[in-house]
Amino acid sequence: MEMTGGHDDVHHTADSSLNESMLSLAHPYQPSGIRMTLENADLWQSFHSIGTEMIITKHGRRMFPHCRVRVSGLQPFTNYVITMDIVLVDGFKYKWKKEQWEMAGAADPHPPCHTYMHPDSPAPGRHWMKQPLSFPKLKLTNNTLNQHGHIILLSMHRYYPRFHVVQADNPYALRWGSVQSFSFPETAFTAVTAYQNPKITKLKIDHNPFAKGFREGGTHSHSKRLSNKSPPAKRPTLDRDDLSNSSPSLQRMPSTSQFTQMEASRASTQQSLKGGHLSGSALEPDPSESIHVEPLVLREYNCSSDEQMVPASMPYQPYRSEYGMFPYPSRDPDGAQIFLHPPPNSRSASEPCIQQHGYYHQYNTTADWSQSPVLSYTTW
DNA sequence: TCCGCTGACACGTTTGAAGCGT
DNA sequence: AACGCTTCAAACGTGTCAGCGG
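Structure representation (structure tokens):
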């Protein structure tokens, strides 16, 4: 079993991969050894490189690829709750035009977002670290009246999944001092009710076993099916979680920095986007900081709740901005932000907590934890 | 007219119960 | 009786398409 004390080597490995600009932002010590790795990273990268789209339907649609992560650095015998939510990348909506996504104005008002709790929660750290955890049953919907706990998204808006590791014996006794949030830029996607990019369709058909019926015949496969009935297939036990087991992993290495460093980082990010042409999603790193599948680096802030993010290792299909500016994110307008409220008095009201690669978080301190509606939105 | 959304459709996959043998 | 394996059928999940509505 992977024990907390055994990660020093990995930390060193990752730290040695820091480039100069990142080193200048790194904090000399790390407050937490919790790390999260995206297991099916290469699959995500395949989609990310052409612009991931996720279908949302009234009754809920599963994600594909779904999120599969490995956690390490937990205390083996301490209980943790692991949750996932999906937050807006920025404050814009998009449209598919001329074979690419481009901005189509400000984002629509967003409904409250559900937080999806992993069904194993709460569980001791050794359980979480024993094997990768995935969220294959999570469904996305555009039905704001959804009563099934599906995560509500808006079509034509960009999102990314976010994971929270909370030290807690039960979901009703979360300890704010130990919340760690993780996100992966390559998991950003555009929510759609129908696929826009045919490349995405093809990639999904190639990788998703549920779509095998569409592998041949292209767009005319539907009519083909009508005349080519095949006998019922045997029942091979195919574990969808194993579809990308061989994926190289993207590792999330905690590092810390402080507010002044965040400002520098933001300035750097904005500078990298000069010219108005987006080099990628709002989560996309400066290309000069792009790291490949080697241990990745993130920037994190030493606060009660951290969000850790690593750059994607592949360029993303460019987004065309009609505004000549980087789609600077909104303040996480969905309800999920409330999940990250720190306990009262834990930080100043205006202190920004996280800003990485253009993504900017600021804690809302208008509600304290005891009043947080997160649990009422949490589903598992 | 354009564009996004919805439901029907047929197919493959998953799941769990039932049956059988050891 | 308990266990493990196989078989079967229903449920589920998928992308495509036509039609609808704003």
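Just so you know, we're using full-length UniProt numbering here: the first sequence kicks off at 1 and counts up by one.
Glycine included, each C-beta is placed from N, C-alpha and C at the ideal position.
Nearest neighbour of residue i, chosen from the options [CA to CA]
{"i": "Arg-62", "options": "Arg-162, Lys-137, His-164", "result": "Lys-137"}
{"i": "Ala-194", "options": "Asn-146, Asn-142, Gln-147", "result": "Asn-142"}
{"i": "Arg-126", "options": "Asn-146, Asn-79, Tyr-94", "result": "Asn-79"}
{"i": "Leu-172", "options": "Asp-85, Met-117, Met-156, Arg-35", "result": "Sequence check: residue 172 is Tyr here, not Leu. Of the candidates Asp-85, Met-117, Met-156, Arg-35, the one whose C-alpha sits nearest the C-alpha of Tyr-172 is Met-117."}
{"i": "Asp-108", "options": "Ile-56, His-157, Ser-178, Ile-34", "result": "His-157"}
{"i": "Gln-196", "options": "His-207, His-48, Lys-95, Phe-182", "result": "Lys-95"}
{"i": "Gln-131", "options": "Val-69, Gln-147, Glu-99", "result": "Val-69"}
{"i": "Val-89", "options": "Phe-210, Leu-203, Pro-185", "result": "Pro-185"}
{"i": "Ser-181", "options": "Asp-85, Pro-119, Pro-209, Asp-169", "result": "Asp-85"}
{"i": "Trp-101", "options": "Asn-208, Pro-209, Glu-53", "result": "Glu-53"}
{"i": "Ala-104", "options": "Ala-211, Ser-155, Met-36", "result": "Ser-155"}
{"i": "Lys-98", "options": "Pro-198, His-148, Trp-128", "result": "Pro-198"}
{"i": "Gln-167", "options": "Gly-149, Thr-37, Trp-128, His-148", "result": "Trp-128"}
{"i": "Met-36", "options": "Lys-212, Val-165, Phe-210", "result": "Val-165"}
{"i": "Thr-83", "options": "Lys-212, Gln-147, Asp-120, His-148", "result": "Asp-120"}
Cβ distance (whole Å) where residue i is taken to contact residue j below 8 Å
{"i": "Phe-77", "j": "Pro-124", "result": "5 Å"}
{"i": "Ile-200", "j": "Ile-50", "result": "6 Å"}
{"i": "Ser-87", "j": "Leu-133", "result": "The sequence given here places Val at residue 87; Ser does not occur at that position. Not a contact, Cβ separation roughly 19 Å."}
{"i": "Pro-122", "j": "Val-179", "result": "Pro-122 to Val-179, Cβ: 14 Å. No contact."}
{"i": "Ile-56", "j": "Leu-140", "result": "4 Å"}
{"i": "Gly-73", "j": "Ile-34", "result": "4 Å"}
{"i": "His-48", "j": "Phe-135", "result": "Their Cβ separation, rounded to whole angstroms, is 18 Å, which puts His-48 and Phe-135 out of contact at 8 Å."}
{"i": "Asn-208", "j": "Phe-64", "result": "5 Å"}
{"i": "Ser-46", "j": "Leu-203", "result": "6 Å"}
Residue interval of the beta strand (DSSP E) (run including residue i)
{"i": "Lys-137", "result": "First-last for Lys-137: undefined, no H or E at that position."}
{"i": "Ala-55", "result": "Contrary to the premise, residue 55 reads as Ile rather than Ala in this sequence. From DSSP, the beta strand (DSSP E) with Ile-55 extends over 53-55."}
{"i": "Leu-38", "result": "35-38"}
{"i": "Gln-75", "result": "Where Gln-75 is concerned, there is no enclosing beta strand (DSSP E), given that its DSSP letter is neither H nor E."}
{"i": "Met-156", "result": "It is not in any beta strand (DSSP E) - Met-156 carries neither H nor E in the DSSP assignment."}
{"i": "Thr-115", "result": "115-117"}
DSSP state of residue i mapped onto helix, strand, coil
{"i": "Ala-211", "result": "helix"}
{"i": "Asp-90", "result": "strand"}
{"i": "Pro-124", "result": "strand"}
{"i": "Thr-201", "result": "helix"}
{"i": "Met-103", "result": "strand"}
{"i": "Lys-130", "result": "helix"}
{"i": "Arg-108", "result": "The sequence shown places Asp at residue 108, rather than the Arg named in the question. Coil at Asp-108, not helix or strand."}
{"i": "Asp-85", "result": "strand"}
{"i": "Thr-187", "result": "helix"}
N-terminal and C-terminal residue of the alpha helix (DSSP H) that residue i is part of
{"i": "Phe-47", "result": "41-48"}
Residue i: CB within 7 Å of a non-hydrogen atom of the ligand NAP
{"i": "Trp-128", "result": "Only the bare structure without any ligand can be found here, which leaves the ligand NAP out of the picture."}
Below 8 Å, can you find three or more Cβ-Cβ pairs linking the region 159-167 to the region 183-196?
-> Enough Cβ pairs lie closer than 8 Å, so yes.
Counting Cβ pairs, one atom from each stretch, are 3 or more of them under 8 Å apart for the region 34-41 and the region 97-115?
-> They do not touch, by the three-pair rule.
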